[in-house]
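At position 82 of the sequence shown (counting the first as 1) the number is 82 in UniProt numbering, and the numbers step up by one without a gap.
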Amino acid sequence: MSGARACARAPPGEGKLSMTANREIVADAFAAWSAGTGSITDLFAEDMRWEIIGRSVAAGLYQPARQFVEEALTPFGARFTKEDPFRPVHIRGIYEDPTADTVIVAWNGAGTTTIGTTYTDTVAWFLRMRDGKVVEGTAFFDSIAFNELWQDVPA
């Protein structure tokens, strides 16, 4: 992301950033995560609600953010090497729905597992934003590949 742009803010007390600002915040967070210079969890509000759609072993509803991190992200991340953790390698697109305060990110991720295999996945995240933080997330990904990773690679 080159150059900084001013963020348009809603009137005081409304607690909403413009979707342009939210989209930029999400894009910057993904760029930092991809480069290994930031954590995507920095984007999460403490009271965030996260739902993983599908039939993977991690599918379900998590709230607050701490539960999502402890029960899904941490054991997922433990299956990858520190040198090449799973992270975005290609952003397919970042879209916004201003009527729902939502930023949508379609992305490809990859990382090297602790058993030396490469895990790749195509992911879509729907992120409802408030005050520049994710308050509700919905994730779609390849449940079969995820379950194989969970079964074959120890945490």
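Here a beta-carbon is modelled for each residue, glycine too, at the ideal position from N, C-alpha and C.
What does a CB cutoff of less than 6 Å around Ala-72 pick up in its chain, not counting 5 residues either side in sequence? Translated into positions along the sequence shown, residue 72 becomes position 72. The residues are Ala-58.
Could you tell me which residues DSSP pairs with Asn-147 in its beta bridges? For the purposes of this step, residue 147 is taken as residue 147 along the sequence shown, with counting starting at 1. According to DSSP, Asn-147 bridges with nothing at all.
Assuming Gly-77 is part of the alpha helix (DSSP H), what are its boundary residues? Mapped onto the sequence shown, residue 77 falls at position 77. 74 to 77 is the extent of the alpha helix (DSSP H) around Gly-77.
Report the option in Tyr-95, Pro-85, Glu-96 whose CA atom is closest to the CA atom of Thr-120. Within the sequence shown, residue 120 is the residue found at index 120, counting from 1. Checking every option, the nearest Cα to that of Thr-120 belongs to Pro-85.
Looking only at DSSP bridge pairs, what is Asp-142 linked to? The sequence position of residue 142 within the sequence shown is 142, counting from 1. None, per the DSSP bridge assignment.
Ala-65, enclosing alpha helix (DSSP H) - first and last residue: The residue you call residue 65 lines up with position 65 of the sequence shown. In the DSSP assignment, Ala-65 falls within the alpha helix (DSSP H) that extends over 65 to 68.
Should Val-133 go down as buried or exposed, given a rule of 16 or more other Cβ atoms within 10 Å for buried? Against the sequence shown, residue 133 aligns to sequence position 133. First, the residue type needs correcting, since residue 133 is Lys and not Val in the sequence shown. The residue is buried, with at least 16 neighbouring Cβ atoms inside 10 Å.
To the nearest angstrom, report how far apart Pro-75 and Arg-87 are at their CA atoms. The residue you call residue 75 lines up with position 75 of the sequence shown. The residue you call residue 87 lines up with position 87 of the sequence shown. The C-alpha of Arg-87 is placed about 15 Å away from the C-alpha of Pro-75.
Taking the alpha carbon of residue 177 as the reference point, which residue from Arg-128, Gly-111, Asp-28, Thr-20 has its own alpha carbon closest? For residue 177 there is no data in the structure shown, the boundaries of the chain being 1 and 155.
Find out if the Cβ-Cβ distance for the pair Glu-83, Thr-138 is shorter than 7 Å. Here residue 83 refers to the residue found at position 83 of the sequence shown. Here residue 138 refers to the residue found at position 138 of the sequence shown. At a Cβ-Cβ threshold of 7 Å, Glu-83 and Thr-138 do not count as neighbours.
Opening and closing residue of the beta strand (DSSP E) in which residue 161 lies: One cannot answer for residue 161 here, as it falls past the ends of the chain, which runs 1 to 155.
Neighbourhood of Asp-101 by C-beta distance below 6 Å, restricted to the same chain and skipping five residues each side: Here residue 101 refers to the residue found at position 101 when the sequence shown is read from its first residue. Same-chain partners within the cutoff: Arg-128, Met-129.
What's the call for Tyr-95, buried or exposed, on a 16-neighbour Cβ count within 10 Å? Here residue 95 is taken as the residue at index 95 of the sequence shown, counted from 1. Of the residues assessed, Tyr-95 falls on the exposed side of the cut-off, its CB having fewer than 16 other CB atoms within 10 angstroms.
For Val-89, report the span of its beta strand (DSSP E) as first-last. If you number the sequence shown from 1, residue 89 lands on position 89. For Val-89, the uninterrupted beta strand (DSSP E) run begins and ends at 87 to 97, by DSSP.
Which of the three DSSP states, helix, strand or coil, is assigned to Glu-24? Here residue 24 refers to the residue found at position 24 when the sequence shown is read from its first residue. For Glu-24, the secondary structure class from DSSP, reduced to helix, strand or coil, is helix.
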